[in-house]
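Chains as they are written, first to last, in our numbering: chain A, 11 to 126; chain B, 30 to 146. Glycine is no exception: its CB is placed at the ideal position from the N, C-alpha and C atoms. Here the structure is a predicted model, which means the values were calculated and not measured. First the structure, in the form of C-alpha cells, and then the observations on it.
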C-alpha cells in the first residue's frame, strides 16, 4: 500500500532563512506524481509544487524547490528566503493511480512557523 | 478565472440530521474529488468523479455518505443521519483531467467545516 511519511510534526525558521521539510513515500509504481501543498490558518489548501517521477530534474517554483530522490523515495521541500506568509501546515501528497481512478495519499503534515 | 468554491463555509447540525455540502469546480475541469480532513485521521479520500465515468466511491466511510455530480459540474456530498464523528472539514478539489502532470494536479476549494452536536 502507498504511504506518505512526514517525520517533522513542527518546525520553525527565522525570516529570510532557508528551511527543508522532509517527506518519504512508499510505492511500487514507476511513474507517478508528487505534490506539496500548504494550508494556512485560512484553511485553503494551496498547491506549492509538483514533481513528475519520470523527470530527473528537481521542480522549482520561485523560492520553493524540491530534492527528489526516486531511488530513496524521498521528496523534500526547500523554502528559501522564508517569509512570514509561509507560516502554514505543509502536506506532502502522492498521486495514486489505479486504472482510471485517482486519489491523493497524504502525509500528516508539518506545521511551519516563520518567526520575525 | 474563478477557483473551486464550496458552500456553506461552516455548518453546525444536530446528531441525526442530514446535511448537504456543495462544490463548484473550476470551469472546464473534468475531474472532481472530495476529501475529509479531521484531527484524528488527517486527510482522507472520499470519492472521485471523472467526466461521465462511474465514480470511485471506495473512500466513503459508510452508506450514510453519498455524492453526486450533476451535468459534469457541480457536486453535492450528502451525509445522512449525521454522527459526532462526522465532524471535520470537507474539502473539494478539481483537476483538468488527462494523464499529464498538469492534468492530474488538484486545485482545492476553501472547505466546509462541519460540526455535529
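> What three-state label does DSSP hand residue 94/A in the structure shown?
Replying inline: Against the first chain, residue 94/A aligns to sequence position 84. Reduced to three states, the DSSP call for residue 94/A is helix.
> If you follow the beta strand (DSSP E) that residue 71/B is part of, which residue opens it and which one closes it?
Replying inline: In the second chain, the residue the question calls residue 71/B occupies position 42. 71 to 79 is the span of the beta strand (DSSP E), which, as asked, contains residue 71/B.
>> Counting only C-beta atoms, is residue 105/A closer than 8 Å to chain B at any point?
In response: Residue mapping note: residue 105/A aligns to position 95 of the first chain, counting from 1. Yes, its Cβ sits closer than 8 Å to a Cβ of chain B.
> Is it right to say residue 83/B is buried, meaning 16 or more other beta carbons lie within 10 angstroms of its own, or is it exposed?
Replying inline: As a position in the second chain, residue 83/B is number 54, starting the count at 1. By the 10 Å Cβ count, residue 83/B comes out exposed.
> Are the region 61 to 77 of chain A and the region 14 to 26 of chain A touching, with three or more C-beta to C-beta distances below 8 Å?
Replying inline: Three or more beta-carbon pairs separated by less than 8 Å are not found between the region 61 to 77 of chain A and the region 14 to 26 of chain A, which leaves the two stretches without contact.
> Does the ligand SAM have even one heavy atom less than 7 Å from the beta-carbon of residue 97/B?
Replying inline: The ligand SAM is not among the ligands present in this structure, which contains no ligands whatsoever.
> For residue 22/A versus residue 98/A, is the C-beta distance shorter than 8 Å?
Replying inline: Looking up residue 22/A in the first chain gives position 12. Looking up residue 98/A in the first chain gives position 88. Taking 8 Å as the Cβ cut-off, residue 22/A and residue 98/A do not qualify as a contacting pair.
> Using a Cβ-Cβ distance under 8 Å, would residue 92/B count as near chain A?
Replying inline: As a working note, residue 92/B is residue 63 in the second chain. No, its Cβ sits nowhere closer than 8 Å to a Cβ of chain A.
>> Using 8 Å for Cβ pairs, my map puts residue 71/B next to residue 116/A. What's the rounded Cβ distance?
In response: For the purposes of this step, residue 71/B is taken as residue 42 along the second chain, with counting starting at 1. For the purposes of this step, residue 116/A is taken as residue 106 along the first chain, with counting starting at 1. Here residue 71/B really is in contact with residue 116/A; their C-beta atoms are around 6 Å apart, less than 8 Å.
> Whose Cβ in chain B lies nearer than 8 Å to the Cβ of residue 118/A?
Replying inline: Sequence index remark: in the first chain, residue 118/A carries index 108 (1-based). 71, listed in chain order.
> Which residues in the same chain as residue 48/B place their Cβ atom closer than 8 Å to its Cβ, once the five residues preceding and following it in sequence are excluded?
Replying inline: Counting from 1 along the second chain, the entry for residue 48/B is found at position 19. Only 40, 42, 107, 108, 111 and 143 meet the Cβ criterion.
> Quick one: what does DSSP say residue 133/B is sitting in, helix, strand or coil?
Replying inline: As a first step, residue 133/B is located in the second chain; it is residue number 104 there, counting from the start. Correct three-state label for residue 133/B: helix.
> Which residues of chain A have a Cβ atom closer than 9 Å to the Cβ of residue 60/B, listed in chain order?
Replying inline: The residue given as residue 60/B occupies position 31 in the second chain. Residues of chain A passing the Cβ test: 112.
>> In the DSSP output, what is residue 100/A paired with across the bridge?
In response: Translated into positions along the first chain, residue 100/A becomes position 90. Paired residue(s): 48/A and 120/A.
> Based on the DSSP output, what are the partners of residue 66/B in its beta bridges?
Replying inline: Taking the first residue of the second chain as 1, we reach residue 66/B at position 37. The partner list for residue 66/B (beta bridge, DSSP) reads 72/B and 118/B.
> For residue 64/A, which residues does DSSP report across the bridge?
Replying inline: Stepping through the first chain from its first residue, residue 64/A is reached at position 54. Beta-bridge annotation (DSSP): residue 64/A is not paired with any residue.
> How long is the line joining the alpha carbons of residue 85/B and residue 107/A, rounded to whole angstroms?
Replying inline: Taking the second chain and counting its residues from 1, one reaches residue 85/B at position 56. Taking the first chain and counting its residues from 1, one reaches residue 107/A at position 97. Whole-angstrom Cα-Cα distance: 12 Å.
> So what's residue 113/B in DSSP terms, helix, strand or just coil?
Replying inline: Here residue 113/B is taken as the residue at index 84 of the second chain, counted from 1. Correct three-state label for residue 113/B: helix.
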